[in-house]
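Have a look at the structure below, then the notes.
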Amino acid sequence: MVELIFGLVVIVLAGWMIYKKVNATVALFIAGILLLFGAAIMGHPVLPEETTTGSIWLDPIKSITQSFVNNLGNIGMTIMVLFGFSSYMTQIGANEVTVRTLMKPLSGIKSVYVLVPVIFIVGNLLSLVVPSASSLAVLLMATLYPVLKRIGMSALTAGAVIATTATIIPTPLGADNVIAAETFGINLMDYVLKYHAAISIPTLILMTIAHYFWQKYLDKKNPETDDIDESKLTALREDLPPAFYGILPILPLILITVFGIFIKSINIGLVEITFISLIVTVIIEIIRKRKIQQVFDELMVFFKGMGNGLAMVVALLVAASLMVDGLKALGIIDMLTNSVKDVNGAGMILMFAFSGITALIGLISGGGLAVFYASIGLLPDIAHNVGINGVMLAIPMQLIANLVRSVSPVAAVIIVVCSIIGKSPMAIVKRTSVPIIVGIISTLVLSYVMFS
């Protein structure tokens, strides 16, 4: 009981720190250290006997080392390489070419409410290229928002659709999918196609319908005639490369699909595929610019992007795994599974519990992926002990972590949109609320029906 109380206090402390805008990585890291030393003080072994330092007080420190080593392996390298590649695509202008190319046909559609579902779907596809929700919002507000306003779309409708574009598109390039697939020992393409897509695609369809009717209803209820404040729009690049560069950001996606579905005889991973795509891009850049030194200088952005991936995601994984190790050392995970494994509907209880915590922290902090990363390591053991499919716990958490960002008034994507259109965050959240709620309900229901 003492262990349970101590663990709950530390978890609440971590949530409070995140609420107070302490970086989620720092909050989880501190929580993990406290849990590990708490376990040591209470006489629980922190490390297995074969890996212990020989001192119970030094074992928590070695646990930190092991967490870094484990997470800098396959998962960490994949995430860092993907971050580096995305950064390089932005540097050479390829990401913006892709966005402009896909958005250009939309300018020919004159019906405001036909554009609502179209933009939502195309915007979600663009998140394959620009995975950061706030970065994609900046780009779409600069390229698409003026067009939408000029054909008569209200600022709030345009802003709400753009604020919900980077949500739950099924992609093997997503860090959350990479981590989930690795954790459950599932092939990445299988996880994306058989599990993620089975829930996310129907959910996106329902969200598209909800967007259409909700934005149309609110526009009729509260019509607006605001003009664009051009000074708030981000300046567009004028030195963009040729149109064929638009294929380069999605080259890893194309290759992993080809090798993962059609050429299974070749065993090649996402890291290798991304490096192939990078090499192809560098060769094209050298041929186009004929300035090898400049191309090589710009290539450094790739390695800086890898550093960003380490700081933004891999470090968060390390901190999260420390907290998981602390909870395991205290025996709290065993307490949790033993308390519910014989209860009817244990799977549903756990699914709602994990998803609810994810949604709550996401609303408070502006994103729920920190909770997902912190919890994903627990799910296989919990699911096994309770006798349920672990994916039933993971998928709702993962999707809700991405969805809830669009209804948090402190999320970066909401702040970006409302600052440009000159509306309050709550005005945008009101517009995004119904589609996101539909998405969350759909995710929970479909996950339970398909995986229970």
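My numbering numbers the first residue of the sequence shown as 1 and each following residue consecutively.
Glycine included, C-beta positions come from ideal geometry on N, C-alpha and C.
* For Lys20, collect the residues of the same chain with a Cβ closer than 6 Å to its Cβ; drop the 5 residues on either side in sequence, then sort them by chain order. => none
* Considering Trp214, what are the terminal residues of the alpha helix (DSSP H) in which it resides? -> In the DSSP annotation of this structure, the continuous segment of the alpha helix (DSSP H) that includes Trp214 starts and ends at Ala197 to Lys221.
* Alpha carbon to alpha carbon, how far is Thr432 from Ala181? Give it in angstroms, no decimals. => 29 Å
* C-alpha gap between Tyr113 and Lys216, whole angstroms -> 7 Å
* Asked: Under the three-state reduction of DSSP, which class applies to Thr165: helix, strand or coil?
  -> coil
* Asked: Between which two residues does the alpha helix (DSSP H) harbouring Met450 extend?
  -> Pro425 to Phe451
* To do: Go through its chain and collect everything with a Cβ distance to Ser86's Cβ below 7 Å, but skip five positions before and after it.
  => Pro131 and Gly305
* Asked: By how many angstroms is the C-alpha of Val22 removed from the C-alpha of Leu188?
  -> The alpha-carbon separation between Leu188 and Val22 amounts to approximately 32 Å.
* **Close-in-space but distant-in-sequence residues of the same chain around Ala411 (CB under 6 Å, 5 per side omitted)** => Gly366 and Arg405
* Asked: Contact check, Thr171 vs Val192 under 8 Å by CB: the rounded distance?
  -> Separation of the CB atoms of Thr171 and Val192 is rounded to 7 Å, and the pair is thereby assigned contact status at 8 Å.
* Proximity of Gly377 and Gly368 at Cβ, strictly below 9 Å -> No.
* Asked: With burial defined as no fewer than 16 other Cβ atoms inside 10 Å of the residue's Cβ, what is the status of Ile256: buried or exposed?
  -> buried
* Measuring CB to CB, does Ile199 end up less than 9 Å from Thr443? -> yes
* Cβ distance (whole Å) where Ser175 is taken to contact Leu82 below 8 Å -> A quick correction: the sequence has Ala, not Ser, at residue 175. Contact between Ala175 and Leu82 is confirmed by a C-beta separation of about 7 Å, below the 8 Å threshold.
* Asked: What's the call for Trp16, buried or exposed, on a 16-neighbour Cβ count within 10 Å?
  -> Trp16 should be labelled exposed.
* What does a CB cutoff of less than 6 Å around Leu140 pick up in its chain, not counting 5 residues either side in sequence? -> Ile162
* Mark Pro48 as exposed unless 16 or more other C-beta atoms lie within 10 angstroms of its C-beta, in which case mark it buried. => exposed
* Within this structure, are the beta carbons of Leu403 and Ile18 separated by less than 9 Å? -> no
* Kindly say whether Leu8, judged by its beta-carbon, lies nearer than 9 Å to any beta-carbon of chain E. => Absent from the structure: chain E. Only one protein chain is present.
* Burial state of Met1, where buried means 16 or more other Cβ atoms lie within 10 Å -> Exposed, since its Cβ has fewer than 16 Cβ neighbours within 10 Å.
* Give the single residue among Ala155, Ala39 and Tyr195 whose Cα lies nearest to the Cα of Pro396. => Tyr195
* Asked: How big is the Cα-Cα spacing for Leu4 and Ile332?
  -> 6 Å
* Near Lys455, which residues of its chain fall below 7 Å by C-beta distance, leaving aside the five closest residues on each side in sequence? -> There is no way to answer for residue 455, as the model of the chain reaches only from 1 to 452.
* Could you pull out every residue in the same chain whose Cβ sits closer than 6 Å to the Cβ of Val324, ignoring the five residues on either side in sequence? => Gly377 and Leu378
* **Test item: CB-CB of Phe6 and Val318 under 9 Å** => It is not a contact, given that the beta carbons lie outside the stated cut-off.
* Asked: Does the beta-carbon distance from Val122 to Gly246 come in below 9 Å?
  -> no
* **Neighbour-count burial assignment, Leu330, 16 or more Cβ in a 10 Å radius** => buried
* **As assigned by DSSP and simplified to three states, the class of Glu49** => coil
* Grab me the residues of Ile205's own chain with a C-beta within less than 7 Å of its C-beta, minus the 5 sequence neighbours each way, in chain order. => none
* Per DSSP, what kind of secondary structure is Pro241 in: helix, strand or coil? -> coil
* Quick one, are the C-beta atoms of Ala155 and Ile421 less than 9 Å apart? -> yes
* Asked: Candidates Met42, Lys264 and Gln66: which alpha carbon is nearest Thr52's?
  -> Gln66
* Which listed residue (Ala142, Leu128 and Lys62) has its alpha carbon closest to that of Glu50 -> Lys62
* Just reading off the alpha helix (DSSP H) that Thr358 is part of, what are its end residues? -> Ala346 to Ser365
* Asked: Whose C-beta lies closer than 6 Å to the C-beta of Ala320 among residues of the same chain, with five residues either side of it excluded?
  -> Leu28, Tyr373 and Ala374
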